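S.K.: Under the working numbering, think of the first position of the sequence shown as 6, with each following residue one higher.
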Amino acid sequence: MSLLKSLFRTATTAISTAEARTRLESGQPVFLLDVRQPQEFKAGYIPGAKLIPLHELTARMNELPKDREILCICRSGARSGTAARQLQNAGFNALNIRGGMIAWEQAGYAIRKG
Numbered sequence: 006m007s008l009l010k011s012l013f014r015t016a017t018t019a020i021s022t023a024e025a026r027t028r029l030e031s032g033q034p035v036f037l038l039d040v041r042q043p044q045e046f047k048a049g050y051i052p053g054a055k056l057i058p059l060h061e062l063t064a065r066m067n068e069l070p071k072d073r074e075i076l077c078i079c080r081s082g083a084r085s086g087t088a089a090r091q092l093q094n095a096g097f098n099a100l101n102i103r104g105g106m107i108a109w110e111q112a113g114y115a116i117r118k119g
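Here it is as structure tokens:
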């Protein structure tokens, strides 16, 4: 792999919560991955999200679709940024949701608890 290509593969692409919501609600073939801890997830999550804590991601990549865009989210966007980079480096089409659940809730978007 060329140096230039490897540099671009490590750059994480982030999207806003508004763009993520649009993609999720439009019926586009996207997969929502939540990389927080189980107790964080139970406190509030986006309907349809799959929970795979960041520390388990490498071992559980086989559970993720290679043919769909993966939107990664965490509390603030930091862990999901790391997850998106790991997934991109493994050949997935992954994006980080900027601002995470904090931004999602501040925007007034729907969450579920439990």
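Every residue gets a Cβ at the ideal spot worked out from N, C-alpha and C, and that includes glycine.
All values derive from a computational prediction rather than experimental measurement.
1. I need the straight-line Cα distance from Asn101 to Ile51, nearest angstrom please.
2. Assign Ile57 to one of three DSSP states: helix, strand, or coil.
3. Give the range of the alpha helix (DSSP H) segment to which Gly46 is assigned.
4. From the DSSP output, in three-state form, read off Gly113 for me.
5. Does the separation of the CB atoms of Ala108 and Thr22 fall below 8 Å?
6. Alpha carbon to alpha carbon, how far is Gln93 from Leu8? Give it in angstroms, no decimals.
M.R.: Once the coordinates are examined:
1. Within the sequence shown, residue 101 is the residue found at index 96, counting from 1. Within the sequence shown, residue 51 is the residue found at index 46, counting from 1. About 15 Å.
2. Here residue 57 refers to the residue found at position 52 of the sequence shown. Residue state, collapsed to three classes: coil.
3. For this step, residue 46 is matched to residue 41 along the sequence shown. In the sequence as presented, Gly is not what sits at residue 46; that position holds Phe. 43-48 is the span of the alpha helix (DSSP H), which, as asked, contains Phe46.
4. Indexing the sequence shown from 1 puts residue 113 at position 108. In this structure, DSSP gives Gly113 a state outside helix and strand, which the three-state scheme calls coil.
5. Residue 108 sits at position 103 when you count from the first residue of the sequence shown. Residue 22 sits at position 17 when you count from the first residue of the sequence shown. When the beta-carbon positions are compared, Ala108 and Thr22 come within less than 8 Å of each other.
6. Indexing the sequence shown from 1 puts residue 8 at position 3. Indexing the sequence shown from 1 puts residue 93 at position 88. Since pLDDT at Leu8 reaches only 49, below the 50 mark, its modelled position is unreliable, and no value is offered.
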